[in-house]
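Number of protein chains: 2
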Amino acid sequence: MSIANSATSEDLGSAAQRERRKRILDATYELAKSGGFDAVQMRAVAEQADVALGTLYRYFPSKIHLLVSALGRQFDEASVRLNDREIPGDTQADRVLYVLKRMARGMQGDPKLTEALTRAFMFADSSVANEIHVVGMAMTSIVTHAMHGGVPAEGALTDQDVAVARVLGDVWLSALVAWVTGRSTAAETAAHMETAVHLILRD
Amino acid sequence: MSIANSATSEDLGSAAQRERRKRILDATYELAKSGGFDAVQMRAVAEQADVALGTLYRYFPSKIHLLVSALGRQFDEASVRLNDREIPGDTQADRVLYVLKRMARGMQGDPKLTEALTRAFMFADSSVANEIHVVGMAMTSIVTHAMHGGVPAEGALTDQDVAVARVLGDVWLSALVAWVTGRSTAAETAAHMETAVHLILRD
DNA sequence: AATCGTGGTGGAACGTGTTCCAAATTATGC
DNA sequence: GCATAATTTGGAACACGTTCCACCACGATT
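Residue numbers (this note's numbering), protein chains in the order written: chain A, 1 to 203; chain B, 1001 to 1203.
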């Protein structure tokens, strides 16, 4: 399940190829984690993953694709992890805040990594639409799951639910960007999210 | 007033220097408008503004600073233009939607320019905090002005008002980014904004 | 086993953001 | 008006994303 990004109907490749792909994403992750966006240099990724530069580009057509794919893997894993659990909280607002803050805390624990991935996400253009879509779906899934309190009621998603989730996702992302770029502190980020959630989810 | 970005306590410089700065921002604007982010090449900006490359870097320490400064000038002007007018609409939601859609339409009329400026904004790190702040203030000012229906009641801004404006600004920015990066159409962008505004401003 | 084709390798080369520097020009204080 | 400081200039040089290419390795086909 953690290789679920292969679920986007394009999962060809021999075992050796899957192995290479994994090594590349792992190297990306490591470099991003320790040095942020700038440290993820294509030559360095290639060397650490033990592939040639040309091979790296065969698997991921640009640095942005690479980083957004890594972000997708992260979100996928987070989504799976959260969707297995019951979300604590009595109101929608409480539960949504719980997961959003949890995710924010997780990302703030790895500032460099978060900076790299967020930067890449914001910089992506339409050629990265597929990878972006994976991230968007994971985000929506996480928020709607929290809204429904951990009940895996897939069918019960109204348009309204999805719209709310998207708006919350937007705010969350903006807040994260502000934090990543050093324009707001972690506390301010949390407060801003709290405000937004209560504004949108007053039930 | 349109050079109000100099209001950030750092407006030294001879007439010749102010003139150079203006030429540089104008060149940036022109290049961005006709070719987008990629067309704003530092060598090209320098040439078109008729300054040396080194001088360009003395005035703006990076391409991102340059573009965000240009964005700041744009927002400043838009903010001044809108704050002079009475905003049509009976409810807060109507008025806010009016200005947001108006701005979105304006930006969509210049897709390349918008792409360049938005990209730069999203890519900016903390070293661009000053320039970013100018943009954020203009955005908040525009939204709160619309909420109050064109009454220049500066003192009447509650924390709640500002919080709402910030959330709306976040959503607007996310929607704009999605549009710029080709992930959603103009119509979807408008619809998404409409949803968000009605969600947040149900009075 | 020989052949073929797909994909991997190593590395050169190019474009653009950024840095740096010596020489020329302009501004400032006496 | 001159000496000195500050800015501007022109251009070389460097870093990193990206492209390209000639060659190699290995699994499938005959």
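For glycine and all other residues, C-beta sits at the position ideal for the given N, C-alpha and C.
Bear in mind that the values here come from a model prediction, so they are computed numbers and not experimental data.
Using DSSP with H/G/I as helix, E/B as strand and the rest coil, what is V197/A?
helix
Is T189/A buried or exposed, if buried means 16 or more other CB atoms sit within 10 Å of its CB?
buried
Is the CB of A1190/B under 8 Å away from at least one CB in chain A?
no
Beta-carbon of I1132/B versus every beta-carbon of chain A: anything under 8 Å?
yes
Own chain, CB closer than 7 Å to G1035/B, minus 5 neighbours either side, in chain order
K1112
Against chain B, does D170/A count as a neighbour if the rule is that its beta carbon must be under 8 Å from one of theirs?
yes
Which residues, in chain order, does the stretch 66–86 of chain A contribute to contact with chain B at a C-beta distance below 7 Å?
none
Taking buried to mean at least 16 other C-beta atoms within 10 Å of its own C-beta, is Q41/A buried or exposed?
exposed
Chain A partners of F1123/B, CB-CB under 9 Å?
R119, M122, F123 and T181
Once you ignore the five residues that flank L1100/B on each side, which residues in its own chain have a CB closer than 6 Å to its CB?
W1172 and M1193
Answer with buried or exposed for T185/A, where buried requires no fewer than 16 other C-beta atoms within 10 angstroms of its C-beta.
exposed
Got a sec: is the Cβ-Cβ distance from S174/A to anything in chain B below 8 Å?
yes
Less than 8 Å between the CB atoms is what I'm expecting for A163/A and T1195/B, so what's the real figure, rounded?
5 Å
CA-CA distance, W1179/B and R20/A?
34 Å
In the structure shown, what three-state DSSP assignment does Q1048/B receive?
helix
Examine the Cβ distances between the stretch 48–62 of chain A and the stretch 105–119 of chain A and report whether three or more of them are shorter than 8 Å.
no
The stretch 122–139 of chain A contacting the stretch 65–81 of chain A, beta-carbon criterion three pairs below 8 Å:
yes
Hey, G1169/B and T1144/B: beta-carbon distance below 8 Å or not?
no
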